[in-house]
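Undergrad: FYI, this note's numbering numbers position 27 of the sequence shown as 127, with every residue one higher than the one before it.
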Amino acid sequence: MKVDHERLFFALWPSDAWQEACQAQATKRLPRATGRWIPQQNLHVTLAFLGAVSGTQRICLERAADQIAAEAFTLAFERLDYRSRNRIVWASTQQIPPALIRLVDQLRALLPGCGLSAESRVFTPHLTLLRKADRVETGSSAAIPPWPVTSFSLVRSQTLPSGALYETLRSWPLRSPAEH
């Protein structure tokens with residue numbers, strides 16, 4: 101009997117307008133960068149990578165995510181960084197909003213109940229901008245506009261010859277800080 105699995109992850113998925121502004125600033129800051137720019141519509145922050153998930157596990161994840169009570173926050177990416185081993189350029193933040201850490205902790209806590217393992221490494225939010233990059237001068241200000249994060253999503257990932265294809269399956273709103 102064959103069991104179908106989907107490759108899933110929880111993510112922060114920005115608006116089209118924010119993705120456009122982010123990409124414009126990144127290409128302006130790195131005018132001589134070579135490599136493969138992440139398509140604007142694929143810009144996101146992974147909160148928890150789930151891997152191959154069965155239909156039953158997906159239902160469990162969605163029901164568990166329904167119970168998450170997390171606050172909206174603003175995410176500011178201050179720096180552009182480069183890792184030669186992976187040949188990637190990403191935007192990073194020095195100030196991780198406490199509400200983001202609480203959201204990731206809640207997501208990680210629900211995984212074992214759905215038969216999945218949570219990552220044990222410290223969560224470090226980043227926004228991958230460029231892959232297969234040659235040495236890029238980074239470390240400067242990213243100048244990316246602040247991102248008002250108001251929801252998180254469950255996303256399906258497919259790897260195609262043309263690159264990654266992402267599909268948002270479901271999103272959950274984050275409450276405003278005043279809604280305690």
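Note that CB positions come from ideal geometry on N, CA and C, so glycine has one too.
From a predicted model like this one, the values you see are computed outputs, not experimental measurements.
Kindly indicate which three-state DSSP category residue 188 falls into: helix, strand or coil?
TA: Here residue 188 corresponds to residue number 88 of the sequence shown, with the count starting at 1. Of the three classes helix, strand and coil, the one that applies to residue 188 here is strand, per DSSP.
Undergrad: Give me the Cα-Cα distance between residue 233 and residue 263, rounded to the nearest whole angstrom.
TA: Residue 233 sits at position 133 when you count from the first residue of the sequence shown. Residue 263 sits at position 163 when you count from the first residue of the sequence shown. Roughly 15 Å separates the two Cα atoms.
Undergrad: How is residue 161 classed by DSSP in three states: helix, strand or coil?
TA: Residue 161 sits at position 61 when you count from the first residue of the sequence shown. In this structure, residue 161 counts as helix in the three-state DSSP scheme.
Undergrad: Look at the Cβ atom of residue 218, then the Cβ atom of residue 227, and state whether they are nearer than 8 Å.
TA: The residue given as residue 218 occupies position 118 in the sequence shown. The residue given as residue 227 occupies position 127 in the sequence shown. Contact flag unset, no.
Undergrad: What does a CB cutoff of less than 6 Å around residue 126 pick up in its chain, not counting 5 residues either side in sequence?
TA: As a first step, residue 126 must be located in the sequence shown, where it is residue number 26. Hits under 6 Å: 229.
Undergrad: Within a Cβ cutoff of 6 Å, which residues of the same chain sit near residue 101, ignoring the five residues on either side of it in sequence?
TA: The residue you call residue 101 lines up with position 1 of the sequence shown. Residue placement at residue 101 cannot be trusted, given a pLDDT of 43 that sits under 50; what the coordinates show is reported in the next sentence. Excluding positions up to five away in sequence, the list is empty.
Undergrad: Starting from residue 118, trace the alpha helix (DSSP H) both ways and give me its first and last residue.
TA: Here the question's residue 118 lines up with position 18 in the sequence shown. From DSSP, the alpha helix (DSSP H) with residue 118 extends over 116-129.
Undergrad: Indicate the three-state DSSP secondary structure (helix, strand or coil) for residue 112 in the structure shown.
TA: Taking the first residue of the sequence shown as position 1, residue 112 is located at position 12. In the structure shown, residue 112 sits in a strand (DSSP, three-state: E or B).
Undergrad: Looking at the unbroken alpha helix (DSSP H) that takes in residue 248, where does it start and where does it end?
TA: Here the question's residue 248 lines up with position 148 in the sequence shown. Careful: residue 248 lies outside any alpha helix (DSSP H), inside the beta strand (DSSP E) at 247-249.
Undergrad: Below 8 Å, how does it come out for the stretch 166-181 and the stretch 199-210: are there three or more Cβ pairs, yes or no?
TA: Cβ pair count under 8 Å is three or more, so yes.
Undergrad: Starting from the Cα of residue 148, find the closest Cα among 177, 237, 221 and 245 and give me that residue.
TA: Position 48 of the sequence shown, counting from 1, holds the residue named residue 148. That would be 221, whose Cα lies nearest to the Cα of residue 148.
Undergrad: Distance, Cα to Cα, residue 251 vs residue 187?
TA: Numbered from 1 along the sequence shown, position 151 holds the residue referred to as residue 251. Numbered from 1 along the sequence shown, position 87 holds the residue referred to as residue 187. Roughly 30 Å separates the two Cα atoms.
Undergrad: In whole angstroms, give me the CA-to-CA distance for residue 180 and residue 231.
TA: Here residue 180 refers to the residue found at position 80 of the sequence shown. Here residue 231 refers to the residue found at position 131 of the sequence shown. If you take the alpha carbons of residue 180 and residue 231, they lie about 13 Å apart.
Undergrad: Take residue 119 and list the residues in its own chain whose beta-carbon comes closer than 8 Å to its own, dropping the five residues that flank it on each side.
TA: Locating residue 119 in the sequence shown gives position 19, counting from the first residue. Around residue 119: 140, 141 and 143.
Undergrad: Can you look up residue 174 in the DSSP assignment and give me helix, strand or coil?
TA: For this step, residue 174 is matched to residue 74 along the sequence shown. DSSP places residue 174 in strand when its eight states are reduced to three.
Undergrad: Would you kindly work out how many angstroms separate the C-alpha atoms of residue 163 and residue 277, rounded to a whole number?
TA: Along the sequence shown, read from residue 1 onward, the residue named residue 163 stands at position 63. Along the sequence shown, read from residue 1 onward, the residue named residue 277 stands at position 177. Taking the straight line joining both Cα atoms gives about 23 Å.
Undergrad: Report the option in 161, 247, 261 and 160 whose CA atom is closest to the CA atom of residue 115.
TA: Along the sequence shown, read from residue 1 onward, the residue named residue 115 stands at position 15. With distances taken between Cα atoms, residue 115 lies closest to 247.
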